[in-house]
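Only one structure is covered here, and it is reproduced in the block below.
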Amino acid sequence: MFELWIPITILAAFSQNLRSIYQKNLQDKMSNISSTYTRFLFGLPFVLIYFLFLNNFSNTTFQITNINIIFLKYCLFGGISQIIATFLLLKIFKTSNFAVATSYSKTEPIQAAFFGFILLNDSINTLGLIGILIGLLGIIITSIKKLNFKNAFFNISVFYGLISGALFGLSAVLFRGASHSLYSLDYVLTSSFTLLIAISIQTFILTLYLIVRDIKQFYFLYLNLQDGLIVGFFGALASICWFYAMSVQNVAYVRALGQIELIFTIMASIFYFKEKIIFNEILGVLVTITGIIIIIVNIY
Numbered sequence: 001m002f003e004l005w006i007p008i009t010i011l012a013a014f015s016q017n018l019r020s021i022y023q024k025n026l027q028d029k030m031s032n033i034s035s036t037y038t039r040f041l042f043g044l045p046f047v048l049i050y051f052l053f054l055n056n057f058s059n060t061t062f063q064i065t066n067i068n069i070i071f072l073k074y075c076l077f078g079g080i081s082q083i084i085a086t087f088l089l090l091k092i093f094k095t096s097n098f099a100v101a102t103s104y105s106k107t108e109p110i111q112a113a114f115f116g117f118i119l120l121n122d123s124i125n126t127l128g129l130i131g132i133l134i135g136l137l138g139i140i141i142t143s144i145k146k147l148n149f150k151n152a153f154f155n156i157s158v159f160y161g162l163i164s165g166a167l168f169g170l171s172a173v174l175f176r177g178a179s180h181s182l183y184s185l186d187y188v189l190t191s192s193f194t195l196l197i198a199i200s201i202q203t204f205i206l207t208l209y210l211i212v213r214d215i216k217q218f219y220f221l222y223l224n225l226q227d228g229l230i231v232g233f234f235g236a237l238a239s240i241c242w243f244y245a246m247s248v249q250n251v252a253y254v255r256a257l258g259q260i261e262l263i264f265t266i267m268a269s270i271f272y273f274k275e276k277i278i279f280n281e282i283l284g285v286l287v288t289i290t291g292i293i294i295i296i297v298n299i300y
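All residue numbers for the sequence shown refer to the numbering used here, where the first residue is 1 and numbers rise by one.
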């Protein structure tokens, strides 16, 4: 049986990689918070258009009465978790190369599995867990610069990466819970509405923060409108794909398959940022791919 969430997750990972590339470029032109803000502010219009299109042509029109307190709580805390996770990821970009920085945050599948079990009672079978752990091992191998274990475990970037991964995993589980709390079998529509509410909350929070703390950043956002729109588009596309996949499949499996982004980041690191890639990064990618294959075999 064909599993639609698999190619959609791969598209999500690819789009997320492109979004991260442009966000990294924006870091030299504005503050870290503003770079974080771009994915939400400029992504919101694309998400709104997507939801309105679906709601207009779907067989089941979304009803506002479906919204409940649990849904709003999940969206709020999931949105805040994702904001902090994105901020930390961009912070890592300043201390590590693009591929290694991204790999730090990719520890999230095992953390998502934990949060999914605690909050949503999602379970994982033995083979699936093996695939996730092998993928995690690949990420660890990739992140250990020149196989220097001391530097790896006592580097601030590793700490930021682990926290970022945990928060990304938590936000993913909370968004899945929000989508399911709407009690509809139309997962495409409910996931798009969940995304719309979440990104609206995120945009509102960061808009208030910048108005109060650093209003001049809006000028830099205006100067970099084109790059901001590109970040917003690819960020919205990635989120649309992530939210659908996480609505129909266990978050841990989706995020584990999403580790394929590491391949895209290695390619971007080499060909776009002209950064050097060392042996353990290549080895880590191969190990991660092995974990992904096991997960796909397990699903089928």
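Ideal placement from N, C-alpha and C gives every residue a C-beta, glycine not left out.
>> Could you compute how far the alpha carbon of G258 sits from the alpha carbon of R213?
In response: Each residue's alpha carbon lies about 35 Å from the other.
> Whole beta strand (DSSP E) runs in the region 183-265 with 3 or more residues, listed along the chain?
Replying inline: none
>> Within a Cβ cutoff of 7 Å, which residues of the same chain sit near I8, ignoring the five residues on either side of it in sequence?
In response: Excluding its 5 nearest sequence neighbours in each direction, I8 has C-beta neighbours in its own chain below 7 Å: C241, Y244 and A245, listed in chain order.
>> Quick check: S247 and N68, are their CB atoms within less than 9 Å of each other?
In response: no
>> Which same chain residues end up closer than 7 Å to I173 when comparing Cβ atoms and leaving out the 5 residues on each side of it in sequence?
In response: Just to set this straight, residue 173 is Val in the shown sequence, not Ile. In the same chain as V173, and ignoring 5 residues on each side of it, the C-beta atoms closer than 7 Å to its own belong to A112, F115, G116, L119, L120 and V251, in chain order.
> So what does DSSP say about E108, is it helix, strand or coil?
Replying inline: helix
> Who are the Cβ neighbours of L303 in its own chain at under 8 Å, not counting the five residues just before and after it?
Replying inline: Only positions 1 to 300 of the chain appear in this structure, which leaves residue 303 out of reach.
> Just to confirm, are I289 and I263 a CB contact at a threshold of 9 Å?
Replying inline: yes
> Taking the C-alpha atoms as reference points, what is the distance between Y209 and Q217?
Replying inline: 11 Å
>> Going residue by residue through the region 18-43, where are the continuous alpha helix (DSSP H) segments of at least 4 residues, counting only ones entirely within it?
In response: List check, alpha helix (DSSP H) in window: 32-41.
> Buried or exposed: where does S58 fall if 16 or more other Cβ atoms within 10 Å of its Cβ makes it buried?
Replying inline: A residue is called buried once 16 or more other Cβ atoms fall within 10 Å of its Cβ, and S58, having fewer, is exposed.
>> Between the alpha carbons of G291 and Y219, how many angstroms are there, rounded?
In response: Cα-Cα distance, rounded: 44 Å.
>> Less than 9 Å between the C-beta atoms of L76 and L206, yes or no?
In response: Not in contact: L76 and L206 (Cβ atoms no closer than 9 Å).
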